[in-house]
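Visitor:
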Amino acid sequence: MKHPSPRRTASGAVLALALLASWAAAAQAPSPSPSPAQAAPSTRASSNAQQFTLANGMTLIVQPDRRAPTAVHMLWVRVGSMDEVDGTSGVAHALEHMMFKGTKQIKPGEFSRQVAALGGQENAFTMRDATGYYQQIPNGKLEEVMKLEADRFANNQWADIEFQREIEVIKEERRMRTEDQPRALLGEQQNAAVFIASPYRRPVVGWMSDLDAMTPQDVRAFHRQWYVPTNAAIVVAGDVDVERVRALADKYYGRIPARAVPERKPRTEPEQRGIRRVMFKAPAEQAYVSLAFRAPRLESLEGESDVWPLVVLSALLDGYPGARLDRALTQGPDRVADSAGSYAGITGRGPQLFELDGVPAAGKTPGAVEAALRAEVARVARDGVGAAELARVKTQWVASQTYKLDSVMAQARELGGNWVQGLPMDASARIVARLQAVTAEQVQAVAGKYFGDDQLTVATLIPLPPEKNRRPRGLASPDAALR
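Under mature numbering (1 follows the signal peptide of the UniProt record, and there is no 0), read the sequence shown as residues -26 to -1, 1 to 457, first letter to last.
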């Protein structure tokens, strides 16, 4: 199954809006809302989406888009690796796999076969703060997939032997995507060094020793605990009628018994008081260095916040070809890096990071790249930014808002991500407005505020020669699905 990395997986903060809306980490679960008869559509701006609450507390969001006879159906559950406890890391992701292994009515593997027979495609993903399941189907087949998804949400059931087979698939997934990938291993080590109290220190896929020790009962207990109506949302986007979707949601999801969401206790990260370093040796072709600075988290779309100028700063550093890091570190005869990047994380229940990274050029050291990355941020703090630079990234954000509307999948992901984060359905338009209002002075101020040694954890990959007689396992695409 897909489980996007919590670390930066794409270059450039120009993707910040897509990441914010589509793969945002979860906020605290809201209180149960009124019954369907009492629910009213949310206020909407550029979006014509409508939001309702079923009688059992489950959220329904519908986004009509009649440009093509297709529909996307998504189920979002506000639970992920952050909700695990030590000793069972990876259980959220394991449950995602087991959700395809049957119910009282559906045999193992039959869910996917039935979706394919309907002319659809489907998959799932696990993140730190949420798990999602989706199908894209002809609009006339929506009822069938809603019936299937509601059944496995409420009645996930499988034999122990199915788990014993699937946990081996998950272990191989970890080997391919993490243990055979030096930078992925480095990222795990860095997260474990950055975070002390926060469960973000654990990998989404889980530690191998926890996977070895995991039992079918661990997975079933996690399902009973977190897969409850008030902790889930159905998102439907495409060529659909709102009232028809609402009736189907009541019919298939509304009958699931209501249960309370477990209490989520705070796990506050202690203040960092000094630079931390991770030196990691592994067979690799090139060295690599990653700088993670503690940064503020988005709390609300209202009021003043440093998250907006930090996102703009990252876009100025690495938001387009030829941005500051590209020009300063990777171009010219004295270049120090083959590549360099920046990413501003701002959303999630846990603490957030502003990250810089780079691959040293031939003859250059990771230390030289680290110094060059920090120098570019220091230059912004000292000299500020120009009006043309600022206008360029703001224009890109406006364009991205327009282009993403071409995809009903992107619309569904955005709406689901907003719900997970506890943001309104028109959050993306409001976020763009906040970003457009950021001034050069605000960008300069945050560049001088969040990039000191006491906020920094540096992870360096030291390349070793390839291991002799080692056979590769195969390609490990970050979007590959193993099930």
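Beta carbons are placed, not taken as given, at the ideal position from N, Cα and C, and that holds for glycine.
#1: Kindly list the residues whose CB is nearer than 7 Å to the CB of Val351, restricted to its own chain and excluding five residues on each side of it in sequence; keep chain order.
#2: For Trp181, report the span of its beta strand (DSSP E) as first-last.
#3: Taking all protein chains shown into account, decide if Ala19 is buried (16 or more other Cβ within 10 angstroms of its Cβ) or exposed.
#4: Based on the DSSP secondary-structure assignment, which residues constitute the bridge partners of Met253?
#5: Excluding the 5 residues flanking Ala68 on each side, which residues of the same chain have their C-beta closer than 7 Å to its C-beta?
#6: Where do the N-terminal and C-terminal ends of the alpha helix (DSSP H) with Ala365 fall, by residue?
#7: Between Pro270, Lys255, Glu276, which lies nearest to Gly319 when the distance is taken from Cα to Cα?
#8: Once the 5 residues before and after Glu441 are set aside, which same chain residues still bring their CB inside 8 Å of it?
#9: Can you name, in chain order, every residue of its own chain whose Cβ lies under 7 Å from the Cβ of Glu363, other than the five neighbours on each side?
#10: Compute the Euclidean distance between the alpha carbons of Pro236 and Ser288, then round it to the nearest angstrom.
#11: On a Cα-Cα basis, can you pick out the residue from Gly93, Lys121, Thr100 that is closest to Gln110?
#12: To test your reading of the DSSP string, which unbroken beta strand (DSSP E) runs of 3 or more residues are found completely within the stretch 203 to 248?
#13: How many Å lie between Thr152 and Arg176 at the Cα?
#14: Do the stretch 265 to 282 and the stretch 300 to 312 make contact, defined as three or more Cβ pairs closer than 8 Å?
#15: Grab me the residues of Ser16's own chain with a C-beta within less than 6 Å of its C-beta, minus the 5 sequence neighbours each way, in chain order.
#16: Among Asp215, Asn130, Ala234, whose alpha-carbon lies nearest the alpha-carbon of Met73?
#17: If we ignore side chains and look at the alpha-carbon of each, how far apart do Ala365 and Glu146 end up?
#18: Just how far apart, CA to CA, sit Asp280 and Leu49?
#19: Would a C-beta distance cut-off of 8 Å place Val372 and Val417 closer than the cut-off?
#20: Quick check: the stretch 218 to 238 against the stretch 115 to 130, are there 3 or more CB pairs under 8 Å?
#21: Kindly indicate which three-state DSSP category Ala346 falls into: helix, strand or coil?
#22: What did DSSP end up calling Arg309 once you bin it into helix, strand or coil?
#23: Only counting the same chain, and skipping five residues up and downstream in sequence, which positions put a Cβ closer than 7 Å to that of Ser86?
#24: Shortest alpha-carbon distance to Gln191 belongs to which of Ala133, Asp154, Pro340?
#25: Quick one, are the C-beta atoms of Tyr108 and Val46 less than 8 Å apart?
#26: If you draw a straight line from the alpha carbon of Asp292 to that of Leu272, how long is it in whole angstroms?
#27: Quick check on this structure: which residue in Pro82, Ser381, Gly114, Gly315 has the alpha carbon closest to the alpha carbon of Pro295?
#28: How far does the beta strand (DSSP E) with residue 458 in it reach, from first residue to last?
#29: From Thr242 to Glu388, what does the alpha carbon distance come to, in whole angstroms?
#30: Looking at Pro340 and Ala411, is the spacing between their C-beta atoms short of 8 Å?
#31: Could you spell out the range, first to last residue, of the beta strand (DSSP E) harbouring Thr105?
#32: Within the continuous beta strand (DSSP E) that includes Glu96, where are the two ends?
#33: Please name the residue or residues paired with Val89 in a DSSP beta bridge.
#34: For Thr321, which residues does DSSP report across the bridge?
#35: Can you tell me where the beta strand (DSSP E) holding residue 458 begins and where it ends?
#36: Could you check how far apart the C-beta atoms of Gly212 and Thr44 are, in whole angstroms? I think they sit under 8 Å.
Guide: Once the coordinates are examined:
#1: The residues are Ala421, Phe425.
#2: For Trp181, no beta strand (DSSP E) segment is defined, and its DSSP state is neither H nor E.
#3: At Ala19 the pLDDT is 36, less than 50, meaning the model places this residue with poor confidence; the figure from the coordinates comes in the next sentence. Ala19 is exposed by the Cβ-count criterion.
#4: Its beta-bridge partners are Thr434.
#5: Ile141, Ile144, Met188, Val193, listed in sequence order.
#6: Per DSSP, Ala365 belongs to the alpha helix (DSSP H) from 361 to 377.
#7: Out of Pro270, Lys255, Glu276, Pro270 has the C-alpha closest to the C-alpha of Gly319.
#8: Excluding residues within five positions, the ones whose Cβ falls inside 8 Å are Pro257.
#9: Counting only Cβ-Cβ distances below 7 Å, and skipping sequence neighbours, we find Leu290.
#10: If I take the Cα positions, the gap works out to 36 Å.
#11: Of Gly93, Lys121, Thr100, the residue nearest in Cα terms is Gly93.
#12: 206 to 212, all fully within the stretch 203 to 248.
#13: CA-to-CA, the gap between Thr152 and Arg176 works out to about 13 Å.
#14: They do not touch, by the three-pair rule.
#15: Because the pLDDT of Ser16 is 36, which lies under 50, any placement of that residue in the model is unreliable, and the question is left without a value.
#16: Among Asp215, Asn130, Ala234, the Cα nearest to that of Met73 belongs to Asn130.
#17: A direct Cα-to-Cα measurement between Ala365 and Glu146 gives close to 46 Å.
#18: Taking the straight line from one Cα to the other gives about 32 Å.
#19: Taking 8 Å as the Cβ cut-off, Val372 and Val417 do not qualify as a contacting pair.
#20: Yes, the stretch 218 to 238 touches the stretch 115 to 130.
#21: Judged by DSSP in its simplified three-state form, Ala346 adopts helix.
#22: The answer is coil: DSSP assigns Arg309 none of H, G, I, E or B.
#23: Around Ser86: Phe74, Glu96.
#24: For Gln191, the nearest C-alpha among the options comes from Ala133.
#25: Cβ atoms of Tyr108 and Val46: closer than 8 Å.
#26: If I take the Cα positions, the gap works out to 21 Å.
#27: Of the listed residues, the one whose Cα sits closest to Pro295 is Gly315.
#28: A query on residue 458 cannot be resolved here, the shown segment of the chain reaching from -26 to 457 and no further.
#29: Going from the Cα of Thr242 to the Cα of Glu388 covers about 28 Å.
#30: Cβ atoms of Ala411 and Pro340: not closer than 8 Å.
#31: From DSSP, the beta strand (DSSP E) with Thr105 extends over 105 to 112.
#32: Run containing Glu96: 95 to 100, per the beta strand (DSSP E) assignment.
#33: Bridge partners of Val89: none, in fact.
#34: Answer is none; Thr321 lacks a bridge partner.
#35: It is not possible to answer for residue 458, since the shown part of the chain is limited to -26 through 457.
#36: 5 Å between Cβ atoms; contact.
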